[in-house]
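To convert, count from 1 in the sequence shown and add 9; that's my numbering.
Virtual Cβ for every residue (Gly too), placed ideally from N, Cα, C.
Report on the structure given below.
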Amino acid sequence: MLRELEKILKFLIRMLFIWILLVWLLNLISKRVTSEVEESRKTIKKFLNAKKGELIFTKNTTESINLVANSLGFQKGEIVVSSDREHNSNLLPWQILEKKKGIKRRIVDEKQDHSFDLDDFNEKVKGARLVSVVHTSNLDGYTLPVKDIIKIAHENDALVLLDGAQSTPHKEINLKKLDADFFAFSGHKMLGPTGVGGLYGKKELLEKLEPFIVGGDTVTETTYDKQEFADVPHRFEAGLQHYAGIIGLGEAVKYLMRLGLKNIEKHEIKLQRFIVDNLNNEKIERIGFKGETGIFNFNIRKMSPHNVAMILDETENIMIRSGAHCVHSWFNKYNLQGSARASLYLYNNKEDCEKFIKGVNNIIKLG
Ligand SMILES: Cc1ncc(COP(=O)(O)O)c(C=O)c1O
């Protein structure tokens, strides 16, 4: 009997020891996760030149733009100005607010060469509350003159939100120099994991925003009737977060910083120039702005861009995007069905471009 009791006691002591060890380990892991998430935030703030309390983790650019749209407390009649080449993620949130809240939208028409028309903007920004424009367009890689846009907007007492989905991976961003009020970006465009992105906001502005998605981790205290919100940025990061993604994004950003964004931009432009110089064919129509960017957007006369993409994939193992690239409104404006778009990044080289040129020339011969 006594031996049985001794056995049970030993078993219980062992279980207690394992339990204490597990709790200690979990505590250690959770502290490590918290510290790595904050380390990643620090890295990304350095990358964008943002200060403490100015970077919120979100799912992506789309969520960041929706956060601003839903948290600024728009009133009927307030005006939002955008360009005529916004990705659907920077078009729909404002269309919905127009319907739900009665905001007014103004769209700046681009110039004939597809560059941003600052004169038209100068007129349309008058009386606006917010200017929400794409920084670098996913259509043709064109970068809007955001320094001028921000200066003019601020002279007119309007805030500026930049859709940085395509600028963050390809150019050096200095948000303090730019003086942007809000800036949205996505991790998966810049070698990071999917499902994680961010919203930069000037601290004094973020502190005035109403949280859009609320719940666990956004408060320090609640009663049945009231709540006390946590400090910025935590009041905007509701529920369990994509910790692995956030930490992964921090590592991707460190890698990009090591390579240098200026070098990446130069590399893409060099490759694009090589394509432009060697694809000089009258059957090719370039789409959008025809400057030095990391994108070659085109159509081959009389051929569907989807067929062009499919043939390039099958013959040269080159993947490009075809269609309206989520900028349907712009394609509709010009009565275009879509286009084929080759996007260059740091992992591409001259050999890729040669294959692309060969593939396109063969498609032209087919047509
Ligand atoms: C210019 C631009 N804005 C916004 C988005 C939306 O990004 P996400 O799907 O990561 O939210 C994209 C995605 O392609 C984009 O190119």
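If only uninterrupted alpha helix (DSSP H) runs of at least 4 residues are considered, those enclosed by the region 63-117 are 70-80, 101-110. Remark: fewer than three beta-carbon pairs, one from each stretch, lie closer than 8 Å, so the region 154-174 and the region 229-238 are not flagged as touching.
In the same chain as Gly254, and ignoring 5 residues on each side of it, the C-beta atoms closer than 8 Å to its own belong to Gly196, Gly201, Pro202, Thr203, Gly204, Val205, in chain order. DSSP, reduced to helix, strand and coil, places Tyr252 within a helical segment of the structure shown.
The beta carbon of Lys68 is closer than 8 Å to those of Gly204, Val205, Gly206, His251 in its chain, skipping five residues each way along the sequence. A residue is called buried when at least 16 other Cβ atoms come within 10 angstroms of its Cβ; Val32 does not meet this threshold and is exposed.
Assignment of beta strand (DSSP E) within the region 165-215, counting only whole runs of 3 or more residues, yields 168-172, 191-195, 206-210 in chain order. Inclusion of Ile38 and Phe83 in the CB contact set at 8 Å is not warranted, their separation being larger than that value.
Take the alpha-carbon of Leu375 and the one of Gly368: they are about 11 Å apart. Annotation for Glu363: the continuous alpha helix (DSSP H) segment containing it runs 359-375. Residue side-chain check: Gln104 keeps its Cβ at 7 Å or more from all non-hydrogen atoms of ligand 1. A distance criterion of 7 Å places the beta-carbon of His179 beyond contact range of ligand 1, judged by its closest non-hydrogen atom. Closest by C-alpha distance to Thr71, out of Ser80, Arg94, Ser98, Glu47, is Ser98. In the DSSP assignment, Glu294 is bridged to Asn308.
Ala349 is positioned such that its CB atom lies no closer than 8 Å to that of Phe365. Excluding residues up to 5 positions away in sequence, Ala247 lie with their Cβ nearer than 7 Å to the Cβ of Ile222 in the same chain. For the pair Glu47 and His243, the Cα-to-Cα distance works out to about 11 Å. Within the same chain, Leu184, Tyr209 come within 7 Å of Ala59 by CB-CB distance, once the 5 residues on both sides are set aside.
For the set Arg310, Gly257, Glu291, the Cα lying nearest the Cα of Phe66 is the one of Gly257. Between ligand 1 and Cys335, a heavy atom-to-CB distance of less than 7 Å is present. The alpha carbon of Asn308 has as its nearest neighbour, out of Ala318, Gly300, Val90, Ser146, the alpha carbon of Ala318. The beta carbons of Glu301 and Tyr354 sit no closer together than 8 Å.
The three-state reading of DSSP puts Ala162 in helix, counting H, G and I together. Judged by the Cβ position, Asp188 fails to qualify as a neighbour of ligand 1 at the 7 Å threshold, every heavy atom of the ligand being at least this far.
Arg94 places its beta carbon 8 Å or farther from that of Leu127.
Placement of the Cβ of Gly206 at a distance of less than 7 Å from at least one heavy atom of ligand 1 is found. Note on geometry: alpha-carbon atoms of Asp129 and Gly224 lie some 42 Å from one another.
Ser141 is positioned such that its CB atom lies closer than 8 Å to that of Ser91. Going by C-alpha positions, Gln175 is about 11 Å away from Ile182. Per the coordinates, the alpha-carbon of Ile373 lies some 26 Å from the alpha-carbon of Cys335.
Rounded to the nearest whole angstrom, the C-alpha separation of Lys292 and Arg310 is 6 Å. In the three-state DSSP reduction, Ser313 falls in the coil class, being neither helix nor strand. Residue pairing by DSSP places Leu139 opposite Val89, Leu168 in a beta bridge. In this structure Val285 is not in contact with Thr52, their Cβ atoms being roughly 35 Å apart against a cut-off of 8 Å.
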